[in-house]
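The structure appears right after this line, and notes come after that.
Residue numbers (the working numbering): 157 to 543.
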């Protein structure tokens with residue numbers, strides 16, 4: 157097998173680093189052996205250790221929901237890029253941002269009939285598998301299938317992937333305008349006329365088409381998908397998407413969802429917390445200071461204790477930046493970093509990573525703050541430097 161990774165070192169140490177563990181920031185020394193964290197010491201200096209000059213040593217980040225691959229598949233409207241080069245460019249960007257484990261959020265179905273999603277679904281999944289088998293991927297890649305419930309062919313598109321051992325999360329989405337993320341139709345019009353180049357005439361035409369599709373397919377598809385996921389030998393975790401009301405949350409709870417992705421209102425987030433759902437918000441929302449769709453801000457939810465995890469969504473570099481900004485919302489640095497590492501890892505059953513602790517995988521980052529912005533200087537996965 158071809159491998160782009162540098163050779164593993166049997167063991168090494170890093171000193172004079174600000175090491176962020178699950179519960180503290182330790183100015184000390186870290187040792188790595190055979191791809192695992194082998195020990196922590198409060199001693200700032202160590203013999204034969206690499207001096208990090210006070211830079212942060214953070215766990216490699218774990219990303220549950222990124223649409224970044226789609227941007228490489230269609231770099232401009234109606235321009236399709238070859239799948240393998242798109243995957244490799246996506247992987248390189250993910251790793252450069254400090255993400256060592258990623259769930260590629262691949263859309264299954266779409267409300268836009270001209271979307272690249274349906275056309276490239278199988279090629280993307282197969283391309284990711286082939287790239288992994290060939291040793292071309294730096295990050296660990298898993299699948300997060302984002303199911304557009306109003307898609308007429310959703311079940312036939314989705315079921316072939318149920319047995320894929322990389323499938324770690326399924327989200328139940330309904331992007332029909334007039335509710336959830338697009339409750340404000342003016343924000344929807346601005347989005348589709350800008351990003352997709354739709355004319356105002358096409359927007360009005362599509363509103364009726366999309367509403368009819370929702371009425372015909374969404375409820376049936378939802379119940380069928382939930383049943384299929386529950387029937388698997390190892391039930392697939394489910395996420396709700398863009399919940400706006402308490403009723404939306406309760407529907408998800410009845411369906412067995414465990415994660416609330418991007419609740420659009422404070423009310424929905426509070427209801428998700430009451431029912432024990434883990435809450436994910438977009439890091440771009442936090443970095444920008446608000447939602448591009450006019451929904452509740454990530455910062456507001458964080459200040460209310462209603463944010464468990466961040467997702468880079470459409471900007472990989474936002475994940476680390478957003479985590480550091482959570483300190484302005486009352487999070488300690490260990491709590492903020494856990495929101496992009498330990499917590500998402502545990503949510504999808506990965507207990508071997510996401511935290512700097514003896515015996516866990518040595519996935520870690522070297523980070524330095526420049527003008528209050530965290531900058532990734534190096535990335536290691538299982539003790540090997542990959543960026």
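No residue lacks a Cβ here, since even glycine has one placed at the ideal position from N, Cα and C.
Quick caveat, the model's predicted, so the values are computed rather than measured.
Per the contact definition of three or more C-beta pairs closer than 8 Å, is the region 283-292 in contact with the region 201-214? no
Curious, which full-length alpha helix (DSSP H) runs of at least 4 residues does the region 372-398 contain? 375-387
Between which two residues does the beta strand (DSSP E) holding residue 185 run? 181-189
Any non-hydrogen atom of the ligand ADP closer than 8 Å to residue 256 Cβ: Ligands displayed in this structure: none; no statement on the ligand ADP is therefore possible.
Nearest to residue 488 by alpha carbon, out of 180, 171 and 170? 180
Span of the alpha helix (DSSP H) holding residue 471? Taken as a continuous stretch (DSSP letters only), residue 471 belongs to no alpha helix (DSSP H), as it is neither H nor E.
Own chain partners of residue 393 with C-beta closer than 6 Å, once the 5 adjacent residues on each side are dropped: 325 and 414
Once you ignore the five residues that flank residue 254 on each side, which residues in its own chain have a CB closer than 8 Å to its CB? 214, 216, 217, 475, 476, 521, 523, 532 and 535
Tell me which same chain residues have a C-beta within less than 6 Å of the C-beta of residue 497, skipping the five on either side of it? 215, 217, 218 and 510
Measure the C-alpha to C-alpha separation of residue 508 and residue 448 and round it to an integer number of angstroms. 35 Å
Cβ contact check for the region 295-306 and the region 245-265: 3 or more pairs under 8 Å: yes
What residue from 246, 322 and 168 has the CA that sits closest to residue 390's CA? 322
Should the region 299-314 be called in touch with the region 377-390, which here means at least 3 C-beta pairs below 8 Å? yes
Determine the direct distance from the alpha carbon of residue 204 to that of residue 168, and round the result to whole angstroms. 8 Å
Suppose you measure from the CA of residue 513 to the CA of residue 190; what does that come to, to the nearest Å? 14 Å
Use the C-beta contact count for residue 525: other C-beta atoms within 10 angstroms, 16 or more gives buried, fewer gives exposed. exposed
Near residue 499, which residues of its chain fall below 8 Å by C-beta distance, leaving aside the five closest residues on each side in sequence? 434, 464, 465 and 510
For residue 431, the nearest candidate out of 200, 239, 409 and 401 (CA to CA): 409
Checking the sheet assignment: what are the DSSP bridge partners for residue 208? Beta-bridge pairing links residue 208 to no other residue.
Fully enclosed by the region 265-323, which beta strand (DSSP E) runs are 3 residues long or longer? 296-304
Residue 426 - containing alpha helix (DSSP H), residue span: 422-430
Same chain, Cβ closer than 6 Å to residue 421, five either side skipped, listed in chain order: 400 and 452
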